[in-house]
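Right, one structure below, let's go through it.
There are 2 protein chains.
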Amino acid sequence: MSKQDLIKIGEFATLAGTNLRTLRYYEELGLLKPTLRSDGGFRYYRRASAQRVAMIRDLQELGLPLERIREIVGIQPKDGDRTALLQRVRRALEEHQLLLAAHLDALKAQQGRLETALAKLKDCSCCDELPAADNNFCDPCGSTGECLPEGLRALF
Amino acid sequence: MSKQDLIKIGEFATLAGTNLRTLRYYEELGLLKPTLRSDGGFRYYRRASAQRVAMIRDLQELGLPLERIREIVGIQPKDGDRTALLQRVRRALEEHQLLLAAHLDALKAQQGRLETALAKLKDCSCCDELPAADNNFCDPCGSTGECLPEGLRALF
DNA sequence: CACAAATCTAACCCTAGCGTGAGAATACAC
DNA sequence: GTGTATTCTCACGCTAGGGTTAGATTTGTG
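Line order of the protein sequences matches chains A and B. Start counting the first sequence at 1; every next residue gets the next number (this note's numbering). Start counting the second sequence at 157; every next residue gets the next number (this note's numbering).
Next comes the structure, spelled out in structure tokens:
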């Protein structure tokens with residue numbers, strides 16, 4: 001923890017595999033404060049803090065937004081707090097798991113609608129009938145008598 | 157198509173099931189222009205144009221961004237262009253299907269990482285060992301000897 | 001001391017799809 | 001003409017994660 005260990009933001013960014021703007025943005029969000037500020041305002045980081053950046057990145061890859069990450073790792077945990085940290089991480093991950101599941105469901109539903117729409121379009125492509133003047137929804141279809149899927153009502 | 161048919165934006169919004177801001181936004185994007193502008197600047201729409209809004213909404217529900225939708229329906233198709241329109245829609249939907257699939261894969265991968273991370277966390281919760289001073293990644297784990305999943309390297 | 005490289009703050013830009021005003025002007029009924 | 005409802009054009013706000021300037025300092029070296 002000697003002064004030797006302190007490096008400026010440029011070197012730290014390289015070390016942590018990121019860039020200046022991102023580090024300053026993290027600081028702005030309260031995610032990672034530089035260990036020291038010089039009188040002139042320069043940021044000085046500990047090399048070891050690169051691990052903190054790695055952790056932030058890891059949690060980002062798991063899909064957590066930076067705000068949530070701050071809630072988890074915003075306060076530098078002491079050694080004894082390891083259990084508490086694990087708790088926080090676990091709760092956040094579980095919560096995020098639910099969100100992710102919901103998001104997946106929504107996208108799968110969208111996928112289903114897309115397939116239906118494409119199937120219907122395939123039918124329509126070989127159809128010569130133009131919709132009647134009073135039924136430009138083609139609903140029900142003049143050929144098959146089927147109703148159109150929701151997502152394509154207005155195509156005709 | 158007489159002047160009787162032209163309505164102002166408020167009534168049109170109600171008819172189309174949307175609101176003023178959205179309609180003006182659609183116009184800004186080139187999705188739907190009012191049929192007429194009064195000398196004072198008021199927008200006048202045809203009732204029939206509500207179908208166009210419906211179509212935009214339908215394509216939105218299929219997940220297409222408004223920019224793509226504009227590319228599809230940006231130009232008012234004439235009757236004879238139905239085939240061409242169907243083609244454009246089909247191509248756009250197929251393209252979007254690919255994007256959606258990729259998106260789904262990414263989310264599923266995220267889900268997998270989440271599960272792995274949570275499983276590992278469960279192990280760690282019952283672990284009393286603190287990481288050695290020279291290995292604050294707990295990697296490999298002092299208890300099980302297993303390596304940590306990518307997403308949690310920096311937790312320790 | 002002088003100079004170059006690094007860093008500082010502040011600010012605006014981007015994607016999407018509007019929400020929500022402010023303040024001015026219009027349209028229409030009476 | 002006058003009142004009131006409607007609409008007009010800005011223009012900023014939101015989420016996330018920075019990118020990319022500009023102009024001013026600071027640091028460190030010779």
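Idealized CB from N, CA, C, for every residue including glycine.
Beta-bridge analysis with DSSP links L162 of chain B to B:R202. For R37 of chain A, the closest of A:A106, A:I56, A:I7 and A:Q51 by C-alpha to C-alpha distance is A:I7. Any Cβ of chain B closer than 7 Å to the Cβ of Q97 of chain A would place that residue at the interface, and such an atom is present. With respect to the C-alpha of A117 of chain A, the residue from B:Q253, B:D279, B:V209 and B:R202 having the closest C-alpha is B:Q253. For a cut-off of 8 Å, the C-beta gap from L66 of chain A to L29 of chain A is around 6 Å, short enough to register as a contact. Non-local beta-carbon contacts of L100 of chain A in its own chain, meaning distances under 8 Å to residues more than five positions away in sequence, involve G63 in chain order. At a cut-off of 7 Å between C-beta atoms, Q110 of chain A counts as an interface residue with respect to chain B.
A direct Cα-Cα distance of roughly 29 Å separates I165 of chain B from R244 of chain B.
If you check the CB distance, L171 of chain B and A206 of chain B come in under 7 Å. Straight-line measurement puts the Cα of L86 of chain A at about 29 Å from the Cα of R43 of chain A. Among the residues facing chain A, R193 of chain B is not included, as its CB has no counterpart in that chain under 7 Å away. In the structure shown, L220 of chain B adopts coil according to DSSP, grouped into three states. Residue contact check for G63 of chain A against chain B: a CB pair falls below 7 Å. Within the same chain, no Cβ atom closer than 6 Å to the Cβ of T22 of chain A is found once the five residues on either side in sequence are excluded. Sorting B:F168, B:D195 and B:L187 by C-alpha distance to the C-alpha of R202 of chain B places B:F168 at the top. Annotation for T178 of chain B: the continuous alpha helix (DSSP H) segment containing it runs L176 to E184. Looking at the backbone, the Cα of H103 of chain A and that of R213 of chain B are separated by about 20 Å. The C-beta of R90 of chain A comes closer than 7 Å to at least one C-beta of chain B. For a Cβ distance threshold of 8 Å, residue set L118 of chain A lies close to E250 of chain B, ordered along the chain. The DSSP-derived three-state label of L36 of chain A is strand.
Residue-level contact by beta carbon fails for L171 of chain B and chain A, as no gap is shorter than 7 Å. Under a criterion of Cβ atoms nearer than 7 Å, no residue of chain B is adjacent to R70 of chain A; the nearest Cβ is some 15 Å distant. Spanning the alpha carbons of V73 of chain A and R52 of chain A requires a straight line of approximately 9 Å.
Distances from the alpha-carbon of A92 of chain A to those of A:A48, A:Q60 and A:P34 put A:Q60 closest. Between the alpha carbons of T35 of chain A and D5 of chain A lies a gap of roughly 10 Å.
Distance check between A119 of chain A and each of B:K189, B:D279 and B:R246 places B:R246 closest, using alpha-carbon atoms only.
Counting C-beta atoms within 10 angstroms of its own C-beta, L187 of chain B has 16 or more neighbours from the protein chains shown and is therefore classed as buried.
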